Amino acid sequence: MSEESIGAPAVRIRPLPLRGVLKVGKAADIWHKAALSAPIAFGVPALVLLALGRLDLALYTSAGSLCALYAHGEPYASRARFMAVMVLGMVASVGIALVTAASTDSAAIRVAVAALLAAAHKALCDAARTGPPGGLILTFIAASCLFVPGARLSDVPFHLALGLAGGAVAWLVVMAPGLVRPDGPERTAVARALEAASRLAGAGPDGAARARHDAAAAINAAWHTLLRSGARTAGRAADRRRLERLLVHAGTVVAGTPDDPDRLAGWAADLRRNRPVPDAPGRPGEDGELAGIAADRAAAAPRGVRGVLGALRPGSPLLPVAARVAVGAALAGWASMALGVGRPYWAVVTAAAVFQANITLSWSRGLQRAFGNLAGLALFTALLPVSRAGGAALVAAVMLLQFCTEATMARNYWLGSVFVTPMALLMVELAALQPAGRLAAERWLDTCVGVAAGLLSCALVTNRRAGGRVGAALDRLDAATAAARELGAGAADPARAARARERLASALVDVRDAADVASGEWWQRALPAERVERAEREGHRALAGLAPGRVPASRAA
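For the sequence shown, the working numbering gives the first residue as 4, with consecutive numbering after it.
Here it is, written out as structure tokens:
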């Protein structure tokens, strides 16, 4: 479907919001996992280097140790592979940065390499759906290494080995909880789906549409988690089947089957508290339903290299975002150089942090980043006397700030930035101390330049493909709706009905997500709002017709 067929020819500029940008929300349900893992993974190698009198090398071990921020929602079978890939990707980025730093004294060239790496990190992490913090951590470490003073080619292999050592510690730290609770990620994902279904079951007419979308999205995410859980013992296979049945039960709530919100919330609480997996009421033919749903989900969500390449195919909406990152990061770095900053890595990182799925979200993130960074620089200035009291104090300050960052980041990005800013700057101080006044002044300047360049890049590099994504998602929803109606009108068996129900629910989630992204673009053709609303309404009606226990139309007649 062409872009013109889904939108009006007129192009309009959408207003950028200010209300609610700094509002503090709730903490993430598993915030403590990353908040504890990151300081431990950083602290172990840093304390070893401190004992050896080589704390200046901690920047390189921290490259690997920061990978402990990732994969906490992944099942342990896929987490092991995911973490290995993240560590290798981090080390590869550091290698490119160090070789560039050792090969040229041109700050302009280093900025260009940092910008290209930032774009690659953004595109690959978005395509692989790594989740927060995405490619920003890789960009921060690579940009920092690009401006490490005195880089030499002969030191690169040793520094990369240190990065691998830090990555090995991060891998062990992130995998360790699996010894105590091997199915913890699966339980958490299904608990989220049940909690969302409970909110939907108790929602009033005004909030039902949003609650239904949230529940369907949580169920989608839980299915993806279960499909990545790998091989299971006989006992875990039985628990896995019960988890799948709980998800199917939550899916019937999305389809319109009434349920008790308290019962759904109680099942979720049992999962979170590591009690025996609840055994939801079964139905005839449910085994066929589960097998069909699992097969459909696995076919629809390819993982690994094939999935990443598919997400980055020509025409992908991720490519304009990557172009924005490259342009904005380069502009920020070069502008910072022009203003006299000798090591403009922080301007590059700030610009890269601004970019989100659309310009409205990027605008909000830019404001949050600016506010949080400036407050964080004030905290950094206050912490300088403590951090320079000795190596042990510096390591302790970084570990404490890492914990505070993960404890607050999900509440609002600006609040997390208050702690991540001094943490990042102190980590760079591990390699070589700099004059405190000059360091703080340059970072203040870099923050302002980075935010301005990032937002300018969002305005210059438009993402017209966001509208095309809405059209494609609507086509898939129309096809799923038609298939659901055909099944609902006849004596469909439960397995086919369940598979059609899941496909339709997934298509509804895709349309809403695509519309939300496209509606946030500043310079965008008018979206087919009426068609979206009509397609969603008809899709939900068809979904209700497939709810278990409903009488097919032909039988009712």
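By construction, the Cβ of each residue, glycine as well, lies at the ideal position given by its N, Cα and C atoms.
Please read these numbers as outputs of a predicted model, since none were measured by experiment.
Which one of the options has the shortest CA to CA distance from residue i?
i, options, result
"His-216", "Thr-107, Ala-510, Gly-419 and Ser-460", "Ala-510"
"Gly-375", "Ala-487, Ala-392 and Thr-424", "Thr-424"
"Ser-109", "Val-94, Leu-149 and Ala-214", "Leu-149"
"Arg-441", "Thr-384, Cys-451, Ala-487 and Ala-272", "Thr-384"
"Gly-269", "Leu-382, Arg-202, Ser-319 and Ala-30", "Arg-202"
"Val-51", "Arg-84, Phe-143, Gly-137 and Leu-165", "Leu-165"
"Ala-41", "Gly-56, His-75, Thr-363 and Pro-281", "His-75"
"Ala-196", "Arg-155, Val-257 and Gly-137", "Val-257"
"Ala-640", "Arg-278, Trp-226, Ala-538 and Arg-275", "In the structure as shown, the chain starts at 4 and stops at 560, and residue 640 therefore has no counterpart that could be examined."
"Lys-29", "Phe-358, Thr-64 and Ala-410", "Ala-410"
"Gly-431", "Ala-200, Ala-145 and Arg-502", "According to the sequence provided, residue 431 is Val. The question's Gly does not apply to it. Taking only the C-alpha atoms, the option nearest Val-431 is Ala-145."
"Ala-211", "Gly-169, Leu-167, Met-178 and Gly-259", "Gly-259"
"Ala-283", "Arg-244, Val-27, Pro-388 and Leu-101", "Arg-244"
"Leu-119", "Val-344, Arg-346, Arg-499 and Val-328", "Val-328"
"Val-24", "Arg-414, Arg-499 and Ala-221", "Arg-414"
"Ala-111", "Arg-372, Gly-336, Glu-247 and Phe-45", "Gly-336"
Can you name, in chain order, every residue of its own chain whose Cβ lies under 8 Å from the Cβ of residue i, other than the five neighbours on each side?
i, result
"Leu-139", "His-124, Val-352, Ala-355 and Ala-356"
"Leu-334", "Ala-354, Ala-456, Leu-459 and Ser-460"
"Trp-174", "Cys-70, Ala-83, Met-86, Ala-87 and Val-90"
"Ala-224", "Ala-192, Arg-195 and Ala-196"
"Glu-541", "Thr-484"
"Leu-167", "Gly-67, Val-90 and Val-94"
Could you give the residue range of the alpha helix (DSSP H) that holds residue i?
i, result
"Thr-64", "61 to 68"
"Ser-106", "79 to 106"
"Asp-129", "110 to 131"
"Ser-420", "416 to 432"
"Ile-144", "139 to 149"
"Ala-168", "159 to 178"
"Leu-397", "394 to 411"
"Arg-275", "264 to 275"
"Leu-53", "34 to 54"
"Ser-319", "No alpha helix (DSSP H) holds Ser-319; DSSP gives it neither H nor E."
"Gly-379", "362 to 390"
Starting from the C-beta of residue i, find all residues in its chain whose C-beta is less than 7 Å away, skip the five residues before and the five after it, and write them out in chain order.
i, result
"Pro-78", "Pro-188, Glu-189, Thr-228, Arg-231, Ser-232 and Gly-233"
"Arg-446", "Trp-349, Leu-380 and Leu-428"
"Leu-3", "It is not possible to answer for residue 3, since the shown part of the chain is limited to 4 through 560."
"Gly-92", "Leu-141"
"Thr-408", "Gly-419, Phe-422, Val-423 and Met-426"
"Arg-479", "Ala-510 and Asp-513"
"Ala-219", "Val-257, Ala-508, Leu-511 and Val-512"
Just the Cα atoms here: how many angstroms apart are residue i and residue j?
i, j, result
"Val-398", "Cys-128", "29 Å"
"Leu-182", "Val-176", "11 Å"
"Ala-11", "Glu-533", "Residue placement at Ala-11 is poorly supported in this model, since its pLDDT is 41, which falls under 50; the coordinates still yield a value, given next. Whole-angstrom Cα-Cα distance: 12 Å."
"Ile-99", "Asp-263", "56 Å"
"Val-88", "Ala-171", "12 Å"
"Ala-95", "Ala-476", "36 Å"
"Ala-494", "Leu-312", "Confidence is the limiting factor: at Ala-494 the pLDDT is only 43, short of 50, which leaves the residue's position unreliable and the question unanswerable from this model."
"Leu-163", "Val-97", "7 Å"
"Met-4", "Thr-484", "Bear in mind that the predicted position of Met-4 carries a pLDDT of just 39, short of 50, making it unreliable; the figure below should be weighed with that in mind. Roughly 18 Å separates the two Cα atoms."
"Arg-22", "Val-251", "38 Å"
"Asp-265", "Arg-544", "26 Å"
"Tyr-73", "Ser-319", "25 Å"
"Tyr-416", "Thr-363", "15 Å"
"Leu-463", "Ala-341", "21 Å"
"Ser-68", "Pro-135", "16 Å"
"Ala-80", "Asp-32", "22 Å"
"Glu-6", "Glu-539", "Only weak support is given to the placement of Glu-6: the predicted model assigns it a pLDDT of 40, under 50, and the value that follows is read from those uncertain coordinates. Cα to Cα, Glu-6 sits roughly 20 Å from Glu-539."
"Trp-34", "Gln-405", "12 Å"
"Ala-241", "Asp-273", "16 Å"
"Ala-503", "Ala-378", "51 Å"
"Gly-345", "Ala-444", "12 Å"
"Ser-65", "Pro-261", "51 Å"
"Pro-152", "Gly-56", "19 Å"
Could you name the residues of the same chain whose beta carbon sits closer than 6 Å to that of residue i, not counting the 5 residues immediately before and after it, in chain order?
i, result
"Met-412", "Gly-419"
"Ala-271", "Ala-194, Leu-197 and Glu-198"
"Ala-325", "Ala-122, Lys-125 and Ala-126"
"Ala-214", "Arg-202, Leu-203 and Ala-206"
I'd like to confirm something about residue i: is its beta-carbon nearer than 8 Å to some heavy atom of the ligand MG, or not?
i, result
"Arg-82", "Absent from the structure shown: the ligand MG. Ligands present: none."
Between residue i and chain C, is any beta-carbon pair separated by less than 9 Å?
i, result
"Gly-181", "Given the protein chain composition of this structure (a single chain), no chain C is represented."
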